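2 protein chains.
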Amino acid sequence: MKLIRIYQCFCDETRLRIINLLIRGPLCVCHIQQIVGESQVNVSRHLSYLKDRGMVEARRHQNWMIYRLPEKRSVELESNLKCLQDCATTESVFKSDLSKLKKVLAAEGVREVLAQSCCRSNSCHSKRC
Amino acid sequence: MKLIRIYQCFCDETRLRIINLLIRGPLCVCHIQQIVGESQVNVSRHLSYLKDRGMVEARRHQNWMIYRLPEKRSVELESNLKCLQDCATTESVFKSDLSKLKKVLAAEGVREVLAQSCCRSNSCHSKRC
DNA sequence: TGATAATATTCCCATTGACGTATATACATT
DNA sequence: AATGTATATACGTCAATGGGAATATTATCA
């Protein structure tokens with residue numbers, strides 16, 4: 001992934017907040033939406049932007065779309081994510097996002113679904129899984 | 001300096017190249033122009049953009065405007081500059097820029113002028129110095 | 001099948017950004 | 001004062017971006 005593309009993904013505040021969340025692990029759109037407090041359309045659009053540029057990957061779990069950072073990352077991406085993760089600790093928006101993240105993940109069954117590398121749950125009947 | 005502002009400065013290729021050059025030390029506009037091969041207006045405009053956002057500082061030396069990264073940098077800026085410096089080594093544009101930079105700095109008297117924290121040379125008669 | 005939930009897409013508009021051309025400013029030299 | 005060099009600004013244009021409102025899509029559930 002080219003360096004400039006990384007920074008283009010980073011250069012909007014909402015996107016930066018989303019990426020900072022995804023560093024901690026996969027998340028569903030509705031959770032991201034709850035945490036960053038932006039409209040559904042807005043969050044979805046930023047996620048599309050990120051997906052188009054290879055910054056995130058998506059899979060479906062029933063009604064949820066679960067986004068995550070790519071597993072295989074270039075050295076540059078990895079360094080910059082690490083750098084972002086460190087730097088974000090000094091700004092309140094990001095800290096606040098992370099504490100909201102904790103609450104979201106605390107909900108019943110959420111962690112289990114997000115942790116799956118693909119959809120394998122009993123409750124899922126999607127043909128796509 | 002806010003994190004988002006850093007990435008906004010980083011998210012254009014010409015600006016990223018300029019910043020990568022300035023990591024190595026102060027430079028005059030005409031040198032930057034030579035190295036990145038963009039028009040005078042374009043380079044000047046990007047430098048204005050960076051200056052407006054506190055990413056660079058400028059001083060005049062005779063006809064030259066000398067730009068540099070700020071001496072006092074926030075932790076976030078410092079980390080991201082370091083990260084950029086590392087990552088830039090893997091992409092050819094940046095490597096090529098750095099080798100051009102060497103040639104520019106090799107020219108007679110250039111290093112001396114750029115190294116001055118302010119204009120103190122004998123040949124300078126500006127009232128502003 | 002119909003209803004609902006979650007997400008994506010389309011249409012529209014305002015803002016920003018990038019860039020070319022022309023012009024202005026600042027300084028040095030003669 | 002006139003000229004040359006280096007740099008910045010103004011103006012216009014076009015493309016990209018961000019976001020609201022409405023609608024479409026995909027899956028689940030009754």
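As you go down the protein sequences, you meet chains P and L in turn. Under the working numbering, the first residue of the first sequence is numbered 1, with each subsequent residue one higher. Under the working numbering, the first residue of the second sequence is numbered 1, with each subsequent residue one higher. Note that beta-carbon positions come from the ideal geometry of N, C-alpha and C, so glycine has one too. All figures in this text were calculated on a predicted structure; none of them were measured in a lab.
Near chain P, meaning a CB-to-CB distance below 9 Å, no residue of the stretch 45-59 of chain L qualifies.
Contacts with chain L (Cβ-Cβ distance below 7 Å) from the stretch 5-17 of chain P involve Tyr7, Gln8, Phe10, Cys11, Glu13 and Leu16, listed in chain order.
Residues of chain L with a Cβ closer than 7 Å to the Cβ of serine 79(P) are, in chain order, Cys83, Asp86 and Cys87. Contact between arginine 53(L) and cysteine 9(L) holds, with the beta-carbon distance rounding to 6 Å and staying under 8 Å. Using a CB distance below 8 Å, no part of the stretch 22-39 of chain L faces chain P. For alanine 115(P), the enclosing alpha helix (DSSP H) stretches over residues 110-115.
Note that the stretch 94-103 of chain L does not touch the stretch 107-114 of chain P; fewer than 3 beta-carbon pairs, one per stretch, sit closer than 8 Å. Chain P places no beta carbon closer than 8 Å to that of valine 41(L), leaving this residue out of the contacts.
The Cβ atoms of leucine 3(L) and alanine 88(P) lie closer than 8 Å to each other. Inclusion of isoleucine 35(P) and leucine 21(P) in the CB contact set at 8 Å is warranted, their separation being smaller than that value.
For isoleucine 66(P), the uninterrupted beta strand (DSSP E) segment begins and ends at 64-68. The C-beta distance from isoleucine 19(P) to glutamate 76(P) rounds to 14 Å, too long to fall under 8 Å, and the pair is not in contact. Assigned with DSSP and collapsed to three states, glutamate 13(L) falls in helix. Checking the DSSP bridge columns, you'll see alanine 106(L) has no partner listed. When secondary structure is reduced to three states using DSSP, arginine 5(L) falls in the helix class. Residue range 40-52 is occupied by the alpha helix (DSSP H) that includes arginine 45(P), with no beta strand (DSSP E) assigned at that position. Of the candidates Gln40(L), Glu71(L) and Gln85(L), Gln40(L) places its Cα closest to the Cα of methionine 65(L). Annotation: glutamate 38(L) to arginine 68(L) spans about 19 Å, alpha carbon to alpha carbon. For the options Asn42(L), Val29(L), Ser96(L) and Ser92(L), the alpha carbon positioned closest to that of valine 110(L) is the one of Val29(L).
In terms of Cα proximity to asparagine 42(P), the closest of Asn80(P), Leu27(P) and Thr14(P) is Thr14(P).
Taken through DSSP and simplified to helix, strand or coil, glutamate 78(L) comes out as helix. The beta carbon of leucine 3(L) falls within 8 Å of a beta carbon belonging to chain P, placing the residue at that interface. Pairing cysteine 83(P) with serine 99(L) gives a Cβ-Cβ distance that is not under 8 Å.
Secondary-structure assignment with DSSP links alanine 58(L) through a beta bridge to Tyr67(L). Around the beta-carbon of proline 70(P), fewer than 16 other beta-carbon atoms lie within 10 Å, marking it exposed.
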